[in-house]
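**Q** So our numbering is basically just the index in the sequence shown, starting at one, shifted up by 33.
C-beta atoms are modelled at their ideal positions from N, C-alpha and C, and glycine is treated no differently.
The model shown is predicted, which means the values in this text are computed figures rather than measured ones.
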Amino acid sequence: FRDLTQFLSLVSFIALLLGCIGVASAIHIYIKEKVASIAVLRCLGVKASQAFLIYLIQIVSIGFLGSVIGAILGTLVQQALPLVFNNILPIEVSTGLSWMAILQGIALGVIISFLFALLPLVTVRNISPLNTLRLSFQPSLSLKDPVRWLVYGLILLFIFSFSYMQLSGISETVVFTSGLLVAFMVLFLISLLLMWAVRRFFPQRWSYLWRQGLANLYRPNNQTVILMVSIGLGTAFICTLIFVQSILLNRVTLSTSGGQPNMVLFDIQQAQKDKVTQLAKQYQLPVNGTVPIVNMRLEKINNLTAAQVVEDSTLDLTRRVFSREYRVTFRDSLTAAEKITKGKWTGTVNNGTVAISVEQGFAKRNNIDVGDTMVFNVQGSIVPTIVGSLREVDWNRIQTNFLIVFPKGVLEDAPQFHVLLTRVASGEASARFQQAVVQQFPNISIIDLNLVLTVLDEILEKIRFVIQFMAGFSILTGLVVLIASVLISKYQRIQESVLLRTLGANRKQILAITAMEYFFLGAMAAATGILLALAASWALARFTFETVFTPQPLPILIVFTSICMLTVIIGLLNSRGVLTRPPLEVLRQDV
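1. Exposed or buried, isoleucine 102, counting other C-beta atoms within 10 Å across all chains shown (16 or more means buried)?
2. For glutamine 293, which of Ala548, Met598, Leu489 has the nearest alpha-carbon?
3. Three-state secondary structure (DSSP) at threonine 418?
4. Output needed for arginine 430: all residues of its chain with C-beta closer than 7 Å, excluding positions within five of it in sequence on either side, in chain order.
5. For the putative contact between lysine 375 and valine 403, defined by C-beta atoms under 8 Å, what is the C-beta separation to the nearest angstrom?
6. What residue from Ser356, Glu205, Ile546 has the CA that sits closest to isoleucine 334's CA?
7. Does the Cβ-Cβ distance between isoleucine 437 and valine 391 come in under 7 Å?
8. Are the beta-carbon atoms of valine 277 and leucine 509 separated by less than 7 Å?
9. Could you say which of Thr418, Val155, Leu37, Tyr316 lies nearest to serine 82 if we only look at CA atoms?
10. Could you tell me whether the region 250 to 269 touches the region 574 to 583, where touching means 3 or more Cβ pairs closer than 8 Å?
11. Cα separation between leucine 533 and leucine 605?
12. On the DSSP letters alone, give me the boundaries of the beta strand (DSSP E) that lysine 333 sits inside.
13. Relative to the alpha-carbon of leucine 20, which residue among Ile477, Leu226, Gln311, Leu106 has its alpha-carbon at the smallest distance?
14. Please report how far the alpha carbon of glutamate 550 lies from the alpha carbon of phenylalanine 270, in whole angstroms.
15. Does DSSP put threonine 368 in a helix, a strand or coil?
16. Is the CB-CB distance between valine 295 and asparagine 483 below 7 Å?
17. What's the call for phenylalanine 234, buried or exposed, on a 16-neighbour Cβ count within 10 Å?
18. What residue range is occupied by the uninterrupted alpha helix (DSSP H) comprising arginine 678?
19. Apart from the five residues just before and just after phenylalanine 149, which ones in its own chain have a Cβ nearer than 6 Å to its Cβ?
20. Am I right that histidine 451 and proline 325 are in contact with their C-beta atoms under 8 Å? What's the rounded C-beta distance?
21. Are the region 489 to 498 and the region 451 to 465 touching, with three or more C-beta to C-beta distances below 8 Å?
22. Leaving out five residues on either side along the sequence, give the residues of the same chain with a beta carbon under 6 Å from the beta carbon of aspartate 446.
23. So what does DSSP say about isoleucine 267, is it helix, strand or coil?
24. Once the 5 residues before and after valine 93 are set aside, which same chain residues still bring their CB inside 8 Å of it?
25. Below 8 Å on the Cβ atoms is my guess for phenylalanine 593 versus alanine 568; work out the distance and round it to an integer in Å.
26. Ordered along the chain, which non-local residues of its own chain (more than five positions away) have a Cβ less than 8 Å from that of tryptophan 182?
27. What did DSSP end up calling lysine 80 once you bin it into helix, strand or coil?
28. Suppose you measure from the CA of leucine 37 to the CA of leucine 227; what does that come to, to the nearest Å?
29. What are the uninterrupted segments assigned as alpha helix (DSSP H) that are 4 or more residues long and contained completely in the region 440 to 511, given in chain order?
30. With distances taken Cα to Cα, identify the nearest neighbour of threonine 577 among Ala340, Thr323, Ile280.
31. Return no unless some Cβ of chain D is closer than 7 Å to the Cβ of glycine 78.
32. Kindly list the residues whose CB is nearer than 7 Å to the CB of alanine 216, restricted to its own chain and excluding five residues on each side of it in sequence; keep chain order.
33. Taking DSSP as the reference, what is the three-state secondary structure of glycine 129?
34. With distance defined between alpha-carbon atoms, name the residue in Gln472, Ile480, Pro440, Val471 nearest to valine 457.
35. Rounded to whole angstroms, what is the Cα-Cα separation between leucine 454 and phenylalanine 439?
36. Under DSSP, the beta strand (DSSP E) around tyrosine 298 begins and ends at which residues?
So, in structure tokens, the structure goes:
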């Protein structure tokens, strides 16, 4: 449930960033279309600031309307959510309207529309009346423009603020915002590097079509930077969702993974261990081993007692570490659920030194480290030990896990009982086995986990559905944003395509040139986005979800191929108007 909460926060933030890219892309296209209209307004005496405000008011109004519609749709979805969680929560879920949440959603939509529309809108101030006579599909963009840098600062502040709202931690917010900024800069620099490399190592001996497609990457009115950044970021967000979804779906397994024990027998005395094991085998039940358990109390840590800890408040220890009874085991090897993170595991007593292994979370909570001494009271016998290692324990497994593990050679003769785990195939087999155990060993307690695991399976299946639904929804949104990003380029190559047709180029040649240009852009952007997603997913798996990230090659190949094909297809569709009509008609319409 913690992972699901973190995943939903990640999904909401990625969906927001995809929306921001979509808004900026859509406004960029819109301004491209309105260059001539704005130039006419300037000829009629409209000031640059007035033209800017005219279109800003239009965009904010559209953003407000879209936000209201989105809030209505979100409210309708909320009414259906209790049906999804009906079998998960043991309480009745209220479906009342939260007007504060609705107002926050609308306000957020308007802010995004305003903020991310400013970047393409600032170019409106640079459109002069001369644009009515001189064709310009790319208004001049000055890096010295203070307004542009102010917009960059506001966007960065917005991302930082929203990250803080989602993460509620200043360090996590700084890391996330910095990572996003690094991803943007990496894509920007790679696009510049691509243009430089193509110009520097241009293949002069290639065919004309290949040379024309490559040259379009660095010629005037090229779209390399804007498409690399928008497609690359969109790909990175989509891949991150796919990778994180895979991480969580692998973790959302318990009894469904197969072979998990579903019955626990405990309080098995030493003399009963072999007989109970034989009885389980008689009923053809798997025996996952019997685990000895010894009860003991902690007397000292580094020669400090509970009384001394209470008297001295400056110590790093708490009295709670002494107030519990410890159930520990002893063995000469680690289980598959354990991994040494510090120190060295010693499975047997060495020269009289009892080197125990402590679970790292317990050690951290109680300021215990490798080399510390711990003295235990085992049924009246004092056993001095030293912390030889710290262990990471996978508590998600249905098996016996311990905070403290002793080596062999110390506790064999101590009062102890054993625990046996097995798996029963059906309720009838479970009843027969339990009846036999009770008749022969009435002191043994049995816990049948079938019902517990069945309920957990249902819960985990619901969680799996929520993860897949939210990831799929956001990935679909990302694809729409990618399509909008590629559509930006619609007005970049119209003039050149028309000139090529005028000079005699046929439909096939123009399609080939266009396809090559968009393929190079899509391939470079997708590859860079996937690499960024791999780095981000590894960091999320390591530091947020605390698990191992093992990427699968098939999803990576599918995403790379899909992005390349999508970019090429949309790029070719952009040229449809040029190819299906006479060049003069296209020039008259677009100019």
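**A** A quick look at the data gives this:
1. In the assembly as shown, isoleucine 102 is an exposed residue. Its beta-carbon has fewer than 16 other beta-carbons within 10 Å.
2. Leu489
3. Threonine 418 carries a strand assignment under DSSP once its states are collapsed to helix, strand and coil.
4. Ala370
5. 5 Å
6. Ser356
7. Against a cut-off of 7 Å, the Cβ pair of valine 391 and isoleucine 437 comes out as a contact.
8. no
9. Val155
10. no
11. 15 Å
12. 320 to 334
13. Because the chain spans 34 through 624 in this model, residue 20 falls outside it and cannot be assessed.
14. 24 Å
15. Looking at threonine 368 - three-state DSSP - the assignment turns out to be coil, as it is neither helix nor strand.
16. The residue you asked about is not valine; residue 295 is asparagine in the sequence shown. Result yes, Cβ atoms of asparagine 295 and asparagine 483 sit closer than 7 Å.
17. exposed
18. As displayed, the chain neither begins before 34 nor continues past 624, which places residue 678 out of reach and without an answer.
19. Cys53, Val56, Ala57
20. That belief holds up - the Cβ atoms of histidine 451 and proline 325 are roughly 6 Å apart, short of 8 Å.
21. no
22. none
23. Reading the sequence as shown, one finds glycine at residue 267 and not isoleucine. Looking at glycine 267 - three-state DSSP - the assignment turns out to be helix.
24. Val143, Ser146, Phe147, Ala150
25. In fact, because the Cβ distance is near 16 Å, the residues do not count as touching under 8 Å.
26. none
27. Coil at lysine 80, not helix or strand.
28. 39 Å
29. 460 to 473
30. Answer by Cα proximity: Ile280.
31. Here chain D cannot be found, since the structure has a single protein chain.
32. Leu266, Ala269, Leu565
33. coil
34. Ile480
35. 21 Å
36. Correcting the residue identity first, residue 298 is leucine in this sequence and not tyrosine. Here the beta strand (DSSP E) through leucine 298 covers 296 to 301.
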